[in-house]
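Taken in order, the sequence shown gives residues 1 to 548; the numbers are from our numbering.
Even glycine gets a Cβ: it sits at the ideal position worked out from N, Cα and C.
For reference, the structure discussed in these notes is given below.
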Amino acid sequence: DYSRKTKKLKPIPMIQRYLLLLCFLSISLAAYNQDIQKDFSTTSISIFKNATAFFIKSGTVKTENERYRITKNVPPALFGTYWMNTAGGEISSLTSYLDTLETTKQLPTGAIPEIIQANLGQQLILYLDGGEIVQGTVEAVEKGDLLSHQIITFHMNDRWKVIKISDIKRIDFLERPKGVYEQKEKEVKPVLEVQFASDKKEQQVDLMYLAKGLSWTPLYLMELTGEKQARLTLRAEVVNNIEDIEGTDVHFVVGVPNFSYADQLSPLVSIMPSPYAAAYNAPTNYDMFSNTIQSQVRGGVSYAIEDNSIPASSATISGLEGSAEEDLYFYTLKDLSLKKGGRGHYPVFTANVGIAHIYECNLPQNYAEKYAYGKSYLFSPDPHKVFHSVKVVNDTEYPFTTGPILVVKTENGAKPISQDRLNYTPVKGNSFIKLTEAPDVDIKQAEKAEKREENVKMTTRNQNTYYYDRITVSGQVKVKNYKSQKVDLNIRRTITGELLESSVKWLQSERVNTSGDLNKQTDVCWETSVDAGKELTINYSYQIYVPH
Numbered sequence: 001d002y003s004r005k006t007k008k009l010k011p012i013p014m015i016q017r018y019l020l021l022l023c024f025l026s027i028s029l030a031a032y033n034q035d036i037q038k039d040f041s042t043t044s045i046s047i048f049k050n051a052t053a054f055f056i057k058s059g060t061v062k063t064e065n066e067r068y069r070i071t072k073n074v075p076p077a078l079f080g081t082y083w084m085n086t087a088g089g090e091i092s093s094l095t096s097y098l099d100t101l102e103t104t105k106q107l108p109t110g111a112i113p114e115i116i117q118a119n120l121g122q123q124l125i126l127y128l129d130g131g132e133i134v135q136g137t138v139e140a141v142e143k144g145d146l147l148s149h150q151i152i153t154f155h156m157n158d159r160w161k162v163i164k165i166s167d168i169k170r171i172d173f174l175e176r177p178k179g180v181y182e183q184k185e186k187e188v189k190p191v192l193e194v195q196f197a198s199d200k201k202e203q204q205v206d207l208m209y210l211a212k213g214l215s216w217t218p219l220y221l222m223e224l225t226g227e228k229q230a231r232l233t234l235r236a237e238v239v240n241n242i243e244d245i246e247g248t249d250v251h252f253v254v255g256v257p258n259f260s261y262a263d264q265l266s267p268l269v270s271i272m273p274s275p276y277a278a279a280y281n282a283p284t285n286y287d288m289f290s291n292t293i294q295s296q297v298r299g300g301v302s303y304a305i306e307d308n309s310i311p312a313s314s315a316t317i318s319g320l321e322g323s324a325e326e327d328l329y330f331y332t333l334k335d336l337s338l339k340k341g342g343r344g345h346y347p348v349f350t351a352n353v354g355i356a357h358i359y360e361c362n363l364p365q366n367y368a369e370k371y372a373y374g375k376s377y378l379f380s381p382d383p384h385k386v387f388h389s390v391k392v393v394n395d396t397e398y399p400f401t402t403g404p405i406l407v408v409k410t411e412n413g414a415k416p417i418s419q420d421r422l423n424y425t426p427v428k429g430n431s432f433i434k435l436t437e438a439p440d441v442d443i444k445q446a447e448k449a450e451k452r453e454e455n456v457k458m459t460t461r462n463q464n465t466y467y468y469d470r471i472t473v474s475g476q477v478k479v480k481n482y483k484s485q486k487v488d489l490n491i492r493r494t495i496t497g498e499l500l501e502s503s504v505k506w507l508q509s510e511r512v513n514t515s516g517d518l519n520k521q522t523d524v525c526w527e528t529s530v531d532a533g534k535e536l537t538i539n540y541s542y543q544i545y546v547p548h
């Protein structure tokens, strides 16, 4: 009969149902939980010294219901810089929100419930409380709040048995047991969702953004190889606090970028957890080694000596490729790899440069005070500090960005000379590096009032009237060279007042008067030289208005 010709359908064992459910969940989660670092490759990174970097990425992503959801390693993009697109412009929206997601962690076994969980479906021999011994396979573990409430479904040859885990005293395995089990957890995580306008199962996506957490600092080494020659080496010190970098082209950027609104995270990622804030607030040496003009001036004065005092360098250069874009310059390093949290040094260039030895002195500025000018010169017994420096001419094809520089002399083995800061130096420009203080070059300076004219000016401010005297000031700078060779000098000073005359030519650079003061302010520099054992006196004069 019919009943004898047909076979009964066997019920699906519980372990198989469990595995099918797990497989379904894995497929579902894979479709929705995506890691941007796995789905995208980084094409290039432009790194700035202020701990920001511009990332360009691309990748082919799998979509589900016209969506791609990023739940891991969402880029901590800065405000206004997060841009994602496809060649056909098929992205209809980008949204971010918090969602409860199920995650799976693999953990080492350490107790009987975990050992059983790790070895579902294996043949076991259980030794139970009371002396009972059973053999079979565990098909399911039902967890309770307490260990005494946890039970297993145990399949033997002809029946199933429900056993309390707390009753199991010992386990024997018929094959090597697994030492790792999977634990599922629900976790509230940020999600960045990309909605596409088409139902393609795969989309080619381009991504770019600016983010904090990756910076570079220039490190210079100057080797003094001769009286007028040196070898200059630049290395990039990279600090990576943001993500793994694998075989990526990296550009070290020289210049002052203008990111007007990149002082906060993009609203798309501002809901992200604390690691993003940590990367955003990563430390940086930007203020110390910025290329901005304020950081380049010592004592408010900066002048160059005559170019003909330095011979043309052979400018033998070896280093990275470079290119200029607008007012920025990019050193390009191919195929860089650096793990998140890693630090690295990378050669940028080595070049022979021309140098000149200069002795520098910055004299103190004068002020518009009535009693500051006496009737005779009064020289201080303590001379002003004089520094032995070298002037470096940039006759390479690279601009020199601001950074610390270590100076060594290579004659008869490397000997340390000094550490200073090399300021930003454009191609064909020059910069000064301090070596040591020079006590055997003595410089003193004094001034006196030659003529005083009272009440020559009157001003009114806030309904108050002020009268000013005009003083004609004579000044002297006395230089004594105790060295056994001739020295070249750069003597700098900021003078308040109208410049008149100087016995030695002075270079002048008038400052912009934003306060409406009666007196000008001018940066001056005397470029001169003094023979070995000789003295030099510089006479100069100016006029200044002082309150009566």
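Would you be able to state if there are at least three C-beta pairs under 8 Å between the stretch 359 to 375 and the stretch 491 to 505?
yes
So, Ile544 versus Ile471, is the Cβ gap smaller than 8 Å?
For the purposes of this step, residue 544 is taken as the residue at position 544 of the sequence shown. For the purposes of this step, residue 471 is taken as the residue at position 471 of the sequence shown. It is a contact, given that the beta carbons lie within the stated cut-off.
List the DSSP bridge partners of Glu193.
For this step, residue 193 is matched to residue 193 along the sequence shown. Residue pairing by DSSP places Glu193 opposite Arg69 and Thr95 in a beta bridge.
Closest to Glu114 by CA distance: which of Ile168, Thr81, Leu78 and Lys186 is it?
As a working note, residue 114 is residue 114 in the sequence shown. Out of Ile168, Thr81, Leu78 and Lys186, Ile168 has the C-alpha closest to the C-alpha of Glu114.
Between the stretch 214 to 229 and the stretch 56 to 73, are three or more C-beta pairs nearer than 8 Å?
no
Cβ-based burial, Met156 [other Cβ within 10 Å; buried from 16]:
The sequence position of residue 156 within the sequence shown is 156, counting from 1. Met156 comes out exposed.
For Arg461, count neighbouring Cβ atoms within 10 angstroms of its own Cβ and tell me buried if that reaches 16, exposed if not.
Residue 461 sits at position 461 when you count from the first residue of the sequence shown. Classification of Arg461: exposed, given that the 10 Å Cβ count is below 16.
Please name the residue, chosen from Ala446, Val253 and Leu406, that lies closest to Leu435 on a Cα-to-Cα basis.
Here residue 435 refers to the residue found at position 435 of the sequence shown. With distances taken between Cα atoms, Leu435 lies closest to Leu406.
Does DSSP put Lys212 in a helix, in a strand, or in coil?
The residue you call residue 212 lines up with position 212 of the sequence shown. Three-state DSSP puts Lys212 in a strand.
Got a sec? Which residues, its chain only, sit under 6 Å from Val504 by beta carbon, not counting five neighbours each side?
By 1-based counting over the sequence shown, the position of residue 504 is 504. Hits under 6 Å: Trp526, Thr528 and Ile538.
Of the listed residues Val141, Val191 and Pro218, nearest to Ile47 (C-alpha basis):
Locating residue 47 in the sequence shown gives position 47, counting from the first residue. Among Val141, Val191 and Pro218, the Cα nearest to that of Ile47 is on Pro218.
Quick one: residues in its chain with C-beta nearer than 6 Å to the C-beta of Leu536, no 5 flanking neighbours on either side, listed in chain order?
Within the sequence shown, numbered from 1, the residue matching residue 536 stands at position 536. Contacts found: Val479 and Val530.
Near Val546, which residues of its chain fall below 7 Å by C-beta distance, leaving aside the five closest residues on each side in sequence?
Reading the sequence shown from its first residue, position 546 is the one you call residue 546. Counting only Cβ-Cβ distances below 7 Å, and skipping sequence neighbours, we find Ala368, Glu369, Lys370, Tyr468, Asp469 and Ile471.
Identify, in the order they occur along the chain, each residue of the same chain with its Cβ nearer than 8 Å to the Cβ of Leu128, setting aside the five sequence neighbours on each side.
Reading the sequence shown from its first residue, position 128 is the one you call residue 128. The beta carbon of Leu128 sits closer than 8 Å to the beta carbons of Val134, Ile163, Asp167, Ile168 and Lys169 from its chain, once the five residues preceding and following it are set aside; these are given in chain order.
Just checking my contact of Phe55 with Tyr209 at CB under 8 Å: how many whole Å lie between their CB atoms?
Walking along the sequence shown from the start, residue 55 turns up at place 55. Walking along the sequence shown from the start, residue 209 turns up at place 209. That belief holds up - the Cβ atoms of Phe55 and Tyr209 are roughly 6 Å apart, short of 8 Å.
Close Cβ partners of Thr465 (< 8 Å) along its chain, the five nearest in sequence each way excluded
On the sequence shown, residue 465 is found 465 positions in, with the first residue counted as 1. Excluding residues within five positions, the ones whose Cβ falls inside 8 Å are Met458 and Thr459.
The beta strand (DSSP E) spanning Pro113 covers which residue range?
Taking the first residue of the sequence shown as position 1, residue 113 is located at position 113. Note, Pro113: premise wrong, no beta strand (DSSP E); alpha helix (DSSP H) at Ile112 to Ala118.
Return yes when the Cβ of Thr95 is within less than 8 Å of the Cβ of Glu193, no when it is not.
Your numbering for residue 193 matches position 193 in the sequence shown. Your numbering for residue 95 matches position 95 in the sequence shown. For Glu193 and Thr95, yes; Cβs fall inside 8 Å.
Between the CA atoms of Asp395 and Leu78 - distance to the nearest angstrom:
Mapped onto the sequence shown, residue 78 falls at position 78. Mapped onto the sequence shown, residue 395 falls at position 395. Using only the alpha carbons, I get a separation of about 37 Å.
So, is Tyr329 buried or exposed, given that buried needs 16 or more other C-beta atoms within 10 angstroms?
Numbered from its first residue, the sequence shown carries residue 329 at position 329. Classification of Tyr329: buried, given that the 10 Å Cβ count is 16 or more.
Taking the alpha-carbon positions, what's the Val301 to Ser266 distance?
Start at 1 with the first residue of the sequence shown, and residue 301 comes out as number 301. Start at 1 with the first residue of the sequence shown, and residue 266 comes out as number 266. The pLDDT assigned to Val301 is 38, lower than 50, so where the model puts this residue is not dependable, and the model offers no usable value.
Can you look up Gln183 in the DSSP assignment and give me helix, strand or coil?
Start at 1 with the first residue of the sequence shown, and residue 183 comes out as number 183. Of the three classes helix, strand and coil, the one that applies to Gln183 here is strand, per DSSP.
If you run the structure through DSSP and keep just helix, strand and coil, what is Ile495?
Here residue 495 refers to the residue found at position 495 when the sequence shown is read from its first residue. Three-state DSSP puts Ile495 in a strand.
Please report the straight-line C-alpha distance between Gln294 and Thr402, rounded to a whole angstrom.
Here residue 294 corresponds to residue number 294 of the sequence shown, with the count starting at 1. Here residue 402 corresponds to residue number 402 of the sequence shown, with the count starting at 1. Confidence in Gln294 is poor, its pLDDT being 36 and thus under 50, which makes the residue's placement unreliable; the coordinate value appears in the next sentence. For Gln294 and Thr402, the distance between alpha carbons rounds to 12 Å.
Would DSSP call Ser418 helix, strand or coil?
For this step, residue 418 is matched to residue 418 along the sequence shown. Three-state DSSP puts Ser418 in a strand.
Need the endpoints of the beta strand (DSSP E) that Lys133 sits in, please.
The residue you call residue 133 lines up with position 133 of the sequence shown. Lys is not the amino acid found at residue 133; the sequence shown has Ile there. Segment Ile133 to Glu142, the beta strand (DSSP E) holding Ile133.
Indicate the three-state DSSP secondary structure (helix, strand or coil) for Gln37 in the structure shown.
The sequence position of residue 37 within the sequence shown is 37, counting from 1. DSSP, read as helix, strand or coil, puts Gln37 in helix.
Any chain D beta carbon closer than 8 Å to Ile471
No chain D is part of this structure, which consists of one protein chain only.
Which residue marks the beginning of the beta strand (DSSP E) containing Leu268, and which one marks its end?
What you label residue 268 is simply residue 268 of the sequence shown in a count that begins at 1. Here Leu268 belongs to no beta strand (DSSP E), and DSSP marks it neither H nor E.
Test item: CB-CB of Gly136 and Phe154 under 8 Å:
For the purposes of this step, residue 136 is taken as residue 136 along the sequence shown, with counting starting at 1. For the purposes of this step, residue 154 is taken as residue 154 along the sequence shown, with counting starting at 1. Yes.
Taking just the CA atoms, how far does Lys189 sit from Arg231?
Along the sequence shown, read from residue 1 onward, the residue named residue 231 stands at position 231. Along the sequence shown, read from residue 1 onward, the residue named residue 189 stands at position 189. Cα-Cα distance, rounded: 53 Å.
Check Asp382 in the structure and name its three-state DSSP category.
Working through the sequence shown from its first residue, we reach residue 382 at position 382. In this structure, Asp382 counts as coil in the three-state DSSP scheme.
So, are the CB atoms of Ile125 and Pro75 less than 8 Å apart?
As a first step, residue 125 is located in the sequence shown; it is residue number 125 there, counting from the start. As a first step, residue 75 is located in the sequence shown; it is residue number 75 there, counting from the start. Not a contact, by the Cβ cut-off of 8 Å.
Hey, out of Ser93, Asp206, Ser380 and Val427, whose CA is closest to Thr86's CA?
For the purposes of this step, residue 86 is taken as the residue at position 86 of the sequence shown. Looking at the Cα atoms, Asp206 is the closest of the given residues.
By DSSP, does Ile614 sit in helix, in strand, or in coil?
This structure gives no information on residue 614, because the portion of the chain shown stretches from 1 to 548.
Using alpha carbons as the reference points, say which of Lys212, Tyr424 and Lys415 lies closest to Pro399.
Position 399 of the sequence shown, counted from the start, is the residue given in the question as residue 399. When each option's Cα is compared against that of Pro399, the closest is Tyr424.
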